[in-house]
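As numbered in UniProt numbering, residues 1 to 778 make up the first sequence, in order.
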Amino acid sequence: MDYLKGLNDAQHEAVTTIEGPLMVLAGAGSGKTRVLTMRIAHLITNGVSPFNILALTFTNKAAREMKDRIAKVVGDSDAKSIWMGTFHSVFARILRSEAHYLGFPSNFTIYDTQDALNVMKKVLKELNIDADLYKPKKVLARISAYKNNLITVKAYMNNPELLEADERANMKHLGVIYAKYVDACFRNGAMDFDDLLLRTNELLTRFPEVLAKYQDRFRYILVDEYQDTNHSQYLIVKALASKFENICVVGDDAQSIYSFRGANIYNILNFKKDYPDAVTVSLEQNYRSTQNIVDAANAVISRNVQQFKKNVFSDNEIGEKIKVYRALSDADEAGFVAGNIWEQHNSQQRKFSDFAILYRTNAQTRAFEDALRKKNIPYRVYGGLSFYQRKEVKDLVAYLRLLVNENDNEALTRIINYPTRGIGETTQNKLIVFADSQGISVSKVLDNLGFYAPQLGLNNGVLTKLADFWAMIKAFEVMLKTDDAYTVAMEVAKRSGLIKFLKDDQTPEGISRVENVQELLNSMRGFIDEQQQLEDGDPSLSNFLGNIALSTDQDNNKDDDQEKVSLMTIHLSKGLEFPVVHLVGLEENLFPSFMSSSTREELEEERRLFYVALTRTEKQAFFTYAVSRFQWGKITDAEPSRFLSEVNSEYIELINPATESRFVNHSGLKSNIFDDEPSVPKSFRKLDPKKKISKASDALSLPQSKNLKPVSTAKIINPSGASSQDIEVGDKVRHDRFGIGEVVFLDGTDPQNIKAKVIFQNEGEKNLILKFAKLVKI
DNA sequence: TACTCCCAGATTTAA
DNA sequence: TCTGGGAGTA
């Protein structure tokens with residue numbers, strides 16, 4: 001029981017209480033991941049089959065890391081059979097195998113926010129509803145809220161309160177829109193993010209035999225970040241756990257920061273009500289941060305009314321005070337941060353990867369990128385426009401989606417005339433209207449173009465173009481039956497004219513677009529190789545597409561060994577830690593955001609966000625704010641954030657005391673710490689709005705290849721596998737699944753990523769990544 | 001049908 | 001500042 005050593009009493013209890021409901025309240029930095037990991041290991045060591053364990057985490061990355069760590073205790077194969085992943089990915093997997101119950105194809109498409117928005121725009125157009133009154137985004141947000149609360153179209157229509165509320169909000173057509181949108185998704189064979197949860201609920205409630213099946217399978221359920229579950233997720237967990245009630249939830253109410261997407265803090269606050277017998281364990285010792293940081297964070301969070309009482313403390317060194325910098329502008333702020341990082345890197349031998357810059361909104365990144373680049377400091381921006389959301393990538397993906405699911409109208413309309421092939425809007429509209437009138441999908445019309453041609457009212461030229469296009473798609477589909485996804489995707493990129501079209505654009509942006517497409521293909525190759533080496537791997541195109549739809553930016557930074565400063569929103573930083581944290585843009589209306597300072601609840605969430613940000617810090621935190629900021633193309637004045645004044649002055653040290661005290665706290669009191677002497681900041685930089693920053697083309701500071709790794713649901717790194725030194729071309733090797741073969745080619749210099757081409761006696765030629773393939777030299 | 005140009009509007013956080 | 005949509009032109 002080695003793994004139990006080194007746990008404190010509370011951790012020990014959390015790990016070893018394995019039967020019955022358990023709630024672990026884990027303060028920031030209290031070793032939560034460790035507890036979860038060891039608990040699973042403990043379950044397995046005590047005879048629970050890994051097959052019976054379900055662990056739901058917040059990111060795929062968290063799941064992967066946990067699996068790796070569990071594997072070290074119980075071994076690879078046991079760790080592999082645990083179902084572990086995000087709600088969305090785990091339930092997408094279940095939905096795929098049970099899709100027929102709901103009338104969906106098992107290879108249904110997953111729509112991301114952008115896809116959903118496009119569908120919504122079409123719906124509004126079709127209904128002839130003014131998109132100015134019904135802003136597509138707003139409408140979607142409302143529908144999303146309904147879905148997350150299990151309010152289906154039918155339930156909505158039968159709920160006078162909701163109808164009335166929407167009527168008051170000048171949205172009386174919402175029901176019709178909702179119905180039409182759901183219908184459109186269904187006909188496209190697609191689910192949006194919320195559907196993955198809603199449909200799972202539907203599956204489990206409508207089909208008791210399915211529920212029973214999964215209840216029996218998942219006898220032990222663990223949920224990480226429970227404070228961030230929404231009602232829909234809550235119900236799924238509750239249903240699955242109701243038979244055995246071996247449910248362990250881990251969370252920290254002080255870190256609930258996702259109410260905007262339906263997270264319901266009461267799920268954790270009311271856990272005791274749901275399970276009166278539940279054991280509660282509080283992990284209160286923070287192993288991550290200095291005392292000063294922990295105390296400051298506690299001081300702020302204690303202002304929230306809504307919370308569990310707990311006493312998070314640190315036994316670490318007291319540590320340095322939080323340093324506060326008052327900047328004159330956003331550029332000045334960024335300059336200070338970059339200078340500070342440079343200075344500490346040199347004088348204290350800190351690695352660049354020790355630093356994080358955390359901000360409230362993605363829009364704030366630009367100034368920091370600028371400043372870091374000027375000093376040649378390597379950095380990586382997380383979040384923002386992720387790789388898979390780039391237009392050129394989505395375009396190729398749309399072709400692939402169409403091959404897998406012909407009903408995916410969203411994909412079809414995206415590429416039917418891209419690259420342009422003379423199938424204009426008028427033609428497309430005729431097709432859509434006709435298909436609708438016949439109650440069939442556009443793809444069906446294209447399937448029988450000759451038959452329907454007379455009724456379409458299109459001239460022969462256009463008909464030919466349509467026929468050619470469809471013949472091309474069909475050819476790809478045929479290819480997919482025999483060739484692997486990568487080969488087909490290559491062919492699609494070439495034959496569709498996509499690559500050629502992009503290559504015609506020789507601007508730096510154009511070139512980077514081509515590179516992105518290439519990178520997508522590479523990542524596909526990697527995905528397939530990886531899947532082929534997993535026991536229950538699935539190298540199909542459909543699996544690849546499903547994976548990228550659910551991948552997040554945090555998940556893509558595989559092996560981010562690099563020496564780089566991390567830039568990200570506070571939301572993304574949850575679960576991470578850094579020796580030095582810069583929390584920037586601490587201004588009223590920015591943080592707390594102007595969108596969420598109206599009610600106490602909203603403000604408390606912003607405060608929790610602040611708490612999360614500060615508790616990412618191990619050693620030293622810096623706060624910065626600017627008195628004016630370049631925003632929306634204008635310079636706007638800003639006031640320091642109220643959160644600054646909520647940190648007791650004893651934890652704070654001012655770097656440049658303010659010229660005037662605009663630093664008031666919002667209970668009306670002047671904060672005593674900011675009334676000092678005036679000073680002139682050294683580095684006031686003129687703003688230069690004309691300066692263009694080429695986004696993706698700056699290879700030095702933004703290496704593309706880091707972003708792109710697809711997420712596999714069960715990537716297991718095998719540390720004991722043969723390393724690159726062991727294997728040479730010409731070696732005879734044995735592989736677990738493929739048997740005996742000979743290495744004919746090695747590719748790659750990065751030891752983490754060497755690929756070997758091996759010809760197996762029975763299985764033929766395979767491309768394997770050495771890291772994963774447990775090749776044994778014979 | 002395709003492409004360009006101009007103007008308006010938006011910007012929180014994200015699976 | 002950046003994006004998207006609409007209008008106008010080739």
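The beta carbon of each residue, even a glycine, is placed where N, CA and C say it ideally should be.
First and last residue of the uninterrupted alpha helix (DSSP H) at residue i
| i | result |
| --- | --- |
| Leu545 | Leu541 to Leu550 |
| Ser443 | Val442 to Asp447 |
| Trp470 | Asn460 to Thr482 |
| Tyr611 | Arg600 to Leu614 |
| Thr205 | Phe193 to Arg206 |
| Ile570 | Ile570 to Ser573 |
| Glu653 | Glu653 -> not in any alpha helix (DSSP H); beta strand (DSSP E) instead, spanning Ile652 to Leu654. |
| Lys634 | Per DSSP, Lys634 belongs to no alpha helix (DSSP H); it is in the beta strand (DSSP E), Lys634 to Asp637. |
| Pro508 | Pro508 to Gln532 |
| residue 790 | For residue 790 there is no data in the structure shown, the boundaries of the chain being 1 and 778. |
| Met38 | Lys32 to Thr45 |
Cβ-Cβ separation, residue j to residue i (assumed contact under 8 Å), whole Å
| i | j | result |
| --- | --- | --- |
| Arg414 | Ala398 | 4 Å |
| residue 853 | Val581 | Look at the range of the chain in this structure, 1 to 778, and you will see that residue 853 is not part of it. |
| Val129 | Tyr181 | Checking the displayed sequence, the identity of residue 129 turns out to be Ile instead of Val. Rounded, the Cβ-Cβ distance is 12 Å, inconsistent with contact. |
| Glu410 | Tyr111 | 7 Å |
| Ser329 | Ser628 | 5 Å |
| Ala41 | Val90 | At roughly 20 Å, the Cβ-Cβ gap does not stay under 8 Å, so Ala41 and Val90 are not in contact. |
| Ala493 | Val478 | Actually they do not touch by this definition, with Cβ atoms about 17 Å apart. |
| Arg288 | Glu577 | 5 Å |
| Asn60 | Ser573 | 17 Å between Cβ atoms; not a contact. |
| Asn107 | Asn407 | With a Cβ gap of about 10 Å, Asn107 and Asn407 do not count as contacting. |
| Leu396 | Phe476 | In fact, because the Cβ distance is near 12 Å, the residues do not count as touching under 8 Å. |
| Pro136 | Leu124 | 6 Å |
| Val250 | Val237 | With a Cβ gap of about 12 Å, Val250 and Val237 do not count as contacting. |
Beta strand (DSSP E) segment containing residue i, residue limits
| i | result |
| --- | --- |
| Tyr388 | Taken as a continuous stretch (DSSP letters only), Tyr388 belongs to no beta strand (DSSP E), as it is neither H nor E. |
| Thr624 | Thr617 to Ala626 |
| Ala435 | Ala435 -> not in any beta strand (DSSP E); alpha helix (DSSP H) instead, spanning Glu425 to Gln438. |
| Phe643 | Segment Arg642 to Glu646 is the alpha helix (DSSP H) holding Phe643; no beta strand (DSSP E) there. |
| Met84 | Trp83 to Thr86 |
| Phe218 | No beta strand (DSSP E) contains Phe218, which DSSP labels as neither H nor E. |
| Arg380 | Tyr379 to Val381 |
| Tyr325 | Ile322 to Ala327 |
| Ala10 | Note, Ala10: premise wrong, no beta strand (DSSP E); alpha helix (DSSP H) at Asp9 to Thr16. |
Residue from the options with nearest C-alpha to residue i
| i | options | result |
| --- | --- | --- |
| Val210 | Leu240, Ser232, Leu196 and Leu235 | Leu240 |
| Gln344 | Asn648, Lys619, Leu43 and Thr37 | Lys619 |
| Val433 | Asn8, Glu477 and Lys122 | Lys122 |
| Met23 | Asp274, Phe469 and Arg629 | Asp274 |
| Phe622 | Leu162, Lys777, Ile293 and Tyr382 | Ile293 |
| Arg390 | Gly537, Ile548, Tyr379 and Leu586 | Ile548 |
| Arg642 | Leu502, Ile377, Val300 and Val381 | Val300 |
| Leu611 | Arg219, Ser596, Leu583 and Gly103 | This sequence places Tyr at residue 611; Leu is not what is there. The shortest C-alpha separation from Tyr611 is found at Leu583. |
| Asn346 | Gln233, Lys375 and Asn149 | Lys375 |
| Tyr101 | Gly175, Glu563, Pro136 and Leu203 | Leu203 |
| Glu588 | Gly575, Pro640 and Gln562 | Pro640 |
| Asp332 | Asp529, Glu317 and Leu372 | Leu372 |
| Gln233 | Gly730, Asp78, Arg513 and Thr57 | Thr57 |
Check: Does the region 331-338 come close enough to the region 632-639 to have 3 or more Cβ pairs within less than 8 Å?
Finding: no
| message | Report the start-end ranges of each alpha helix (DSSP H) in the region 96-157 that is 4 residues or longer and not cut off at the edges. | response | 113-126, 136-148 and 153-157
Problem - At least three beta-carbon pairs within less than 8 Å, the region 339-348 to the region 49-64 - result: no
Three Cβ pairs or more, each shorter than 8 Å: is that satisfied between the region 266-274 and the region 215-227? yes
**Item:** Cβ contact check for the region 83-96 and the region 114-128: 3 or more pairs under 8 Å
**Value:** no
Is the region 519-535 touching the region 476-491, taking contact as three or more C-beta pairs under 8 Å?
yes
Three-pair Cβ contact test at 8 Å for the region 598-618 versus the region 246-262
yes
**Prompt:** Taking one C-beta from the region 340-355 and one from the region 55-73 each time, how about it: are there three or more such pairs within less than 8 Å?
**Reply:** no
The region 453-463 / the region 541-553 touching (three or more Cβ pairs under 8 Å)
no
- Message: I'd like the ranges of any beta strand (DSSP E) spanning at least 3 consecutive residues and lying wholly in the region 221-292.
- Response: 247-251 and 279-283
Exercise for review: State whether the region 249-256 contacts the region 24-39, with contact taken as three or more CB pairs (one from each stretch) at a distance under 8 Å.
Suggested key: yes
Given 8 Å, three or more beta-carbon pairs between the region 188-201 and the region 90-98
yes
Contact the region 275-283 vs the region 14-23: 3+ CB pairs below 8 Å:
yes
Next on the checklist: Just to confirm the assignment: which complete beta strand (DSSP E) runs, minimum length 3, are found wholly within the region 333-374?
Outcome noted: 355-359
Q) Hey, is the region 354-374 in contact with the region 568-584, meaning 3+ C-beta pairs nearer than 8 Å? A) yes
The region 466-478 touching the region 490-506, judged by at least three CB pairs closer than 8 Å:
yes
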